[in-house]
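Trainee: In my numbering, the protein residues as written are 59 to 356. For each residue, glycine too, the CB sits at the ideal point set by N, CA and C. Please read these numbers as outputs of a predicted model, since none were measured by experiment. Pasting in a structure now, in structure tokens, and then I'll have a few things to ask.
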């Protein structure tokens, strides 16, 4: 396992991270196996949110990591408030809600602090100064070590990168979704690391049947899948390795975060790391050259 420093922090995180959202409530034996095996593989970044399963995902993580809390770089998110009737959630990025939510998350996670606390979204209309003030206060109180954002809105994440002390931005980023690359130089200049989520593009970079994805038609997705299969065969490389490695070949990406639901999925990572060390950008050259260019709407 390779490790990278997260932005301007002193957090040394594994280049493969575990997205806890995929863990299934009630499957305690499988979830325990996934967490244990992830540790054995050297994975130390664990990402959750108070939004997932209405907070039960945090409770699950708190039980699973138990006395091994100090072995994990533990991250959660805040900003979405569940409605009392459970019908959905509303965006609530204000200081009072953030300060209230951290205590609830810490209790559910059975820990005194988070290594990384992320604003779970963001709009340009948000009370920016108030939000930053809340996160800075939590750092001073020792409840969080660092804070970041989870956003794919350029005006939002660039504002935080340039005018706050965030250390990271979690962004959807994969071979299929290369929209973030346009903004990597600005993020790197500000000392911000990217946590790449959606790295397997909902399974389309593995063996999931072709379907529409972002602005790609079914036909375009199928053609990309065929070319990826050819690359896998030509270089004798695992397709999961190809999917997870691509983001990591671009600065300032520090981690490819992957959701794991089954024993088979976590076991499949056993075969990935050796292949990942053999991969450089030249492997993808022909594939990327023929792909349509898509950009964020700004």
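Where does residue 135 sit, in a helix, a strand or coil, going by DSSP?
Mentor: Looking at residue 135 - three-state DSSP - the assignment turns out to be strand.
Trainee: Taking just the CA atoms, how far does residue 120 sit from residue 168?
Mentor: Looking at the two C-alpha atoms, the distance is approximately 5 Å.
Trainee: For residue 204, tell me which candidate among 217, 212, 144 and 190 has the shortest Cα-Cα distance.
Mentor: Closest option to residue 204, Cα to Cα, is 190.
Trainee: Can you tell me whether residue 257 is buried or exposed? The criterion is at least 16 other CB atoms within 10 Å of its CB, across all chains shown.
Mentor: The residue in question, residue 257, is buried, as its Cβ has 16 or more Cβ neighbours within 10 Å.
Trainee: Judging by CA-CA distance, which residue of 234, 74, 178 and 193 is the nearest neighbour of residue 327?
Mentor: For residue 327, the nearest C-alpha among the options comes from 74.
Trainee: Look at the alpha carbon of residue 268 and the alpha carbon of residue 163, and state the distance between them as a whole number of angstroms.
Mentor: For residue 268 and residue 163, the distance between alpha carbons rounds to 38 Å.
Trainee: I'd like the ranges of any alpha helix (DSSP H) spanning at least 4 consecutive residues and lying wholly in the stretch 262-307.
Mentor: The stretch 262-307 contains these whole alpha helix (DSSP H) runs: 276-293 and 297-306.
Trainee: Could you work out which residue in 160, 217, 223 and 288 is closest to residue 241 when comparing CA atoms only?
Mentor: Comparing Cα positions, the closest option is 217.
Trainee: By alpha-carbon positions, which one of 329, 343, 271 and 322 ends up nearest to residue 89?
Mentor: Out of 329, 343, 271 and 322, 322 has the C-alpha closest to the C-alpha of residue 89.
Trainee: What did DSSP end up calling residue 70 once you bin it into helix, strand or coil?
Mentor: If DSSP states are grouped into helix, strand and coil, residue 70 belongs with the strands.
Trainee: So what's residue 176 in DSSP terms, helix, strand or just coil?
Mentor: The answer is strand: DSSP assigns residue 176 an E or B state.
Trainee: For residue 295, which residues of its own chain have a beta-carbon under 8 Å away from its beta-carbon, when the five flanking residues on both sides are left out?
Mentor: Contacts found: 289, 333, 336, 337 and 341.
Trainee: Taking the continuous alpha helix (DSSP H) assigned at residue 258, which residues delimit it?
Mentor: From DSSP, residue 258 is part of no alpha helix (DSSP H); its letter is neither H nor E.
Trainee: Is DSSP giving residue 226 helix, strand or coil here?
Mentor: In the structure shown, residue 226 sits in a strand (DSSP, three-state: E or B).
Trainee: Hey, residue 72 and residue 103 are a contact pair by Cβ (cut 8 Å); roughly how many whole angstroms apart?
Mentor: Yes, residue 72 and residue 103 are in contact; Cβ-Cβ is about 5 Å, under 8 Å.
Trainee: List the residues that DSSP assigns as beta-bridge partners of residue 75.
Mentor: According to DSSP, residue 75 bridges with 315.
Trainee: With a threshold of 8 Å on Cβ separation, who are the neighbours of residue 210 within its own chain once the five nearest residues in sequence on each side are excluded?
Mentor: Result list for residue 210: 229, 230, 237, 238 and 354, in chain order.
Trainee: Who are the Cβ neighbours of residue 285 in its own chain at under 8 Å, not counting the five residues just before and after it?
Mentor: Closer than 8 Å at the Cβ level, and outside the excluded window around residue 285, lie 344, 345 and 348.
Trainee: Based on Cα-Cα distance, which residue from 330, 181, 352 and 248 lies nearest to residue 309?
Mentor: Of the listed residues, the one whose Cα sits closest to residue 309 is 248.
Trainee: Quick check: what's the CA-CA separation for residue 314 versus residue 225?
Mentor: Whole-angstrom Cα-Cα distance: 16 Å.
Trainee: Which residue wins for smallest C-alpha separation from residue 97, given the options 82, 67 and 128?
Mentor: Closest by alpha carbon: 128.
Trainee: Skipping 5 residues on each side, what residues in its chain have a beta carbon closer than 6 Å to that of residue 151?
Mentor: Here the set comprises 137, 184 and 189.
Trainee: Mind checking which residues open and close the beta strand (DSSP E) that includes residue 202?
Mentor: Segment 202-208, the beta strand (DSSP E) holding residue 202.
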